[in-house]
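> Chains as they are written, first to last, in our numbering: chain A, 1 to 634; chain B, 1001 to 1366. We treat Cβ as the ideally placed atom computed from N, Cα and C, and that holds for glycine. Computed from a predicted structure; not experimentally measured. The structure's right below; bear with me while I get my questions together.
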């Protein structure tokens, strides 16, 4: 308890106020120190951070390169369209409800929702994903009028890939789709991450995939000042994008169209090659599909339809289907015999209609046999017995070593898809192959009896149509082999300079020209007086060919009753050809799955293709199956 | 013409209660406010002019009221304030999770705001009454007077206002001569009770403290405000980016940039030099207030003037401290500069009281 006098009181107050003043000064000093630290010492750091905040690099996606055929017909192009996109992370509350509300303004169908859901599952949620593509001008106007109701949704102008001919050449063009993790790996592998900022589509198959990094182009960048909401306020600097390089193909679109149509509703493949360059003129795998379906993300029902169809439209039969070559193998067998000195052209054998080996009897297709047969006749009439014997005389490894030179059983290295994975190897049987292929020792051994049917292109033989086409092109070219390729030139978007992407050092097979001439002559005979004669009757040019029929099922001497057999167990029809015989400009291989005999189903297709290519004749209907032709050959 | 109505007489009467240094200092601050609002939120400039007009009018009216009158009003104002706070707790409107407003039917009021003045008024009155003989019991009563409304405000919750009210009251008690041993004891108790207080804090209040300690932990969430305002200040450098040129402010990286975070806009655009000028202005205002306090005629006036002056300091320090990242984010505006009418009126009521005290410094107590 204390009494106070006013003076003492005032003194105390002054004291206290002085202390408070000191505290004020101390605190202000503290603030000053803090400001000094932030604004002087750390200024550079915070300045950078402020700039980082302010400036955003916005990628400008380049125009994807065009794909043109050899005559400049556009097979893949781009068009600009409006899309309505949603950034899921910016949607407050329920995404479904937001889309429901959107549907009151812009038409959103069930398939749009499904596709969006699929994209959502695949994406990181800060991406902007399309809910609708190709909006009409009216829809755009309506959305913009209601935009305030839809935060996190926006209209964007995007370039879309378009394949103007629809379901045409799909297996060679391929398609693009949204970038996925696998694509990102490929981008990282090419160290192209920076260039792919802003790109959301990527080549998935075919040329689109193989030439992705040519077609993509160089992404441009815009330095924009952005506000805290990420909205661009103004542009500070701009580096223009450079469009992707255009691809000019060796393919002739019209020829491709005729070849596709020639199949009608049948399944199969056709590969036509320019023998002097290896350039592919047509590459057909039917049935086809429409690559446009994939561009915006394919709908579930379309996808299921394509994948569950028994006709397997998604399989590229030209590269991934491996089939026994049947009798189309015989010309090469003959050439092997000549080269290895096992037969002379005029040497005659007797064909009783069968060939006995051990306890087995190998039958000739012609009952009673062909009688006396020389090499020419063996090819023209497709005599099996001649080749049973020849195969036995050559032995499996001689056959394999010779055939390897024509590319049988090896990937061609065609510029489609990702090299090495888009093509099947097929099977070129040999002792070594069998050792590797089978596990059990008794299966690993090659039996001499197994060689016999190899001679007529059956047995373990299995090649892709592109291998067959490559081989016949090499034969037409007198043993000079070019790697088959689809792209003739890549046009540099920056310089306009055209360059050939696939270096094509040809490989010459060591065979005598006189031997080649024997075989070539026989193949001309096939189309003149042999198994191909009906299909090529009245052609205004001289062509060379060979029919073939590949057994899907082994009948072991049974009578062939193709009419009664289930459609999928019928033989595959094959035909190889080149023309004109003297100076070949086109070589091709045709395969018709379960088409029956080569002369019956495959040769007429080849005729239509050659007629167009050499004479400009445009057929008005698919190649008819020649039912009468089947009696003549296997 | 009646001499009373002569313009010079009128002008004299109008200006007589006004203290020129205080008017000039607060005037400079208010002009700064206008400049900042024009930069950060130009569409509000008209409103802010109106706020300033009202605040100056209120200041002039308050300046007219002699301290003696204020003393008589202290108890009713305080009691009314506490009643209204209780009313808020019982019937208040909830906005943004806090119960701060009371709807009187014809208007909505925020009673906690008037407590910033009512509290020092009440305590100054209390100590004046017990001037002759100050016993420990008086400090205890004073502490009770302080804690009841503070607790009511903290519960709303409104941490910023609670801190200001608590500080205002504490300044009176401190200036009245609270013995040092009690102060030291209280500090010790505060340190010991900190974990207890932590337990009583709301989640968002805890988050603010955690954010202060490590804002980068949650850069897009709770740390965003403080990181962005620190970047703004730091990037301002020595002379700043220039008025209206602050990218952090203009591109809306700074949240609440016209209210609580207006200082980071100022700091970004005017740099360290601007900050020093601003600190200088506050320091001068505080110095002037302290001078008035020292010269005041009565204990009541002294305590009130001293407390109000220190309130100005508290506003400024807490706001600049939180914006620059050395104090947790509590809702305290930058005095005289942040946009908003309520706080401005409260501040000018304080200025008015100081002016009144100064004008009546020579008058002897009745």
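(1) Determine the contact status of residue 1176 of chain B and residue 1273 of chain B, defining contact as a CB-CB distance below 7 Å.
(2) By the DSSP assignment, the alpha helix (DSSP H) with residue 1236 of chain B in it spans what residues?
(3) Taking contact to mean at least 3 C-beta pairs separated by less than 8 Å, is the stretch 501 to 516 of chain A in contact with the stretch 477 to 485 of chain A?
(4) List the residues of chain A that residue 1321 of chain B touches, going by C-beta distances under 7 Å, in chain order.
(5) Are residue 1112 of chain B and residue 1061 of chain B closer than 7 Å when you measure CB to CB?
(6) Kindly indicate which three-state DSSP category residue 1318 of chain B falls into: helix, strand or coil?
(7) May I ask which residues mark the beginning and end of the beta strand (DSSP E) holding residue 1101 of chain B?
(8) For residue 1025 of chain B, collect the residues of the same chain with a Cβ closer than 7 Å to its Cβ; drop the 5 residues on either side in sequence, then sort them by chain order.
(9) Can you tell me the Cα-Cα spacing of residue 1157 of chain B and residue 58 of chain A, whole angstroms?
(10) So what's residue 1327 of chain B in DSSP terms, helix, strand or just coil?
(11) Go ahead and pull the three-state DSSP assignment for residue 286 of chain A.
(12) In angstroms with no decimal places, state the Cα-to-Cα distance between residue 475 of chain A and residue 520 of chain A.
(13) Unbroken beta strand (DSSP E) runs of length 3 or more, entirely within the stretch 419 to 503 of chain A: which are they?
(14) Given a threshold of 16 other Cβ atoms within 10 Å of its Cβ, counted over all protein chains shown, does residue 48 of chain A qualify as buried or as exposed?
(15) With DSSP as the reference, label residue 546 of chain A as helix, strand or coil.
(16) Would you report the Cα separation of residue 85 of chain A and residue 155 of chain A, rounded to the nearest angstrom?
(17) Can we say the stretch 312 to 328 of chain A touches the stretch 418 to 433 of chain A, given the rule of at least three CB pairs closer than 8 Å?
(18) Cα-Cα, which of B:1318, B:1346, B:1108 is closest to residue 1119 of chain B?
(19) Secondary structure at residue 323 of chain A, three-state DSSP: helix, strand or coil?
(20) Leaving out five residues on either side along the sequence, give the residues of the same chain with a beta carbon under 6 Å from the beta carbon of residue 560 of chain A.
(21) Please say whether residue 79 of chain A and residue 162 of chain A have beta carbons closer to each other than 7 Å?
(22) For the stretch 594 to 607 of chain A against the stretch 527 to 546 of chain A, are there 3 or more C-beta pairs whose distance is under 8 Å?
(23) With DSSP collapsed to three states, give me the class of residue 594 of chain A.
(24) Please compile the residues from chain A whose C-beta is within a distance smaller than 9 Å of the C-beta of residue 1300 of chain B.
(25) DSSP three-state label for residue 350 of chain A, please.
(26) Which residues does DSSP pair with residue 363 of chain A in a beta bridge?
(27) Name the DSSP beta bridge partners of residue 82 of chain A, please?
(28) Let's test the definition: count the other Cβ atoms within 10 Å of the Cβ of residue 564 of chain A and tell me whether it reaches 16, buried, or not, exposed.
(29) Figure out for me which residue from A:159, A:121, A:205 has the closest Cα to the Cα of residue 176 of chain A.
(30) Give the straight-line distance between the Cα atoms of residue 75 of chain A and residue 250 of chain A, rounded to the nearest whole angstrom.
(31) Using a beta-carbon distance below 7 Å, is residue 46 of chain A in contact with chain B?
(32) Kindly say whether residue 53 of chain A, judged by its beta-carbon, lies nearer than 7 Å to any beta-carbon of chain B.
(33) List in chain order: all unbroken alpha helix (DSSP H) runs of 4+ residues lying wholly within the stretch 29 to 115 of chain A.
(34) On the three-pair Cβ rule with 8 Å, is the stretch 88 to 99 of chain A touching the stretch 157 to 174 of chain A?
(35) Quick check on residue 252 of chain A: buried or exposed, where buried means 16 or more other Cβ atoms within 10 Å of its Cβ?
(36) On a Cα-Cα basis, can you pick out the residue from B:1164, B:1245, B:1064 that is closest to residue 1013 of chain B?
Looking at the atomic coordinates:
(1) no
(2) 1224 to 1236
(3) yes
(4) 31
(5) no
(6) helix
(7) 1098 to 1103
(8) 1281, 1284, 1285, 1288
(9) 44 Å
(10) coil
(11) strand
(12) 8 Å
(13) 487 to 491
(14) exposed
(15) strand
(16) 6 Å
(17) yes
(18) B:1346
(19) strand
(20) A caution first: residue 560 of chain A carries a pLDDT of 49, below 50, which makes its placement in the model unreliable, though a value can still be read off. There are no such residues.
(21) yes
(22) yes
(23) coil
(24) Those within 9 Å of residue 1300 of chain B in chain A number zero; the least Cβ separation is about 12 Å.
(25) strand
(26) A:354
(27) A:157
(28) Caution is warranted here: a pLDDT of 49 is assigned to residue 564 of chain A, below 50, making its placement in the model unreliable, and the coordinate value is therefore given only provisionally. The residue in question, residue 564 of chain A, is exposed, as its Cβ has fewer than 16 Cβ neighbours within 10 Å.
(29) A:205
(30) 12 Å
(31) yes
(32) yes
(33) 43 to 54, 95 to 103
(34) no
(35) buried
(36) B:1064
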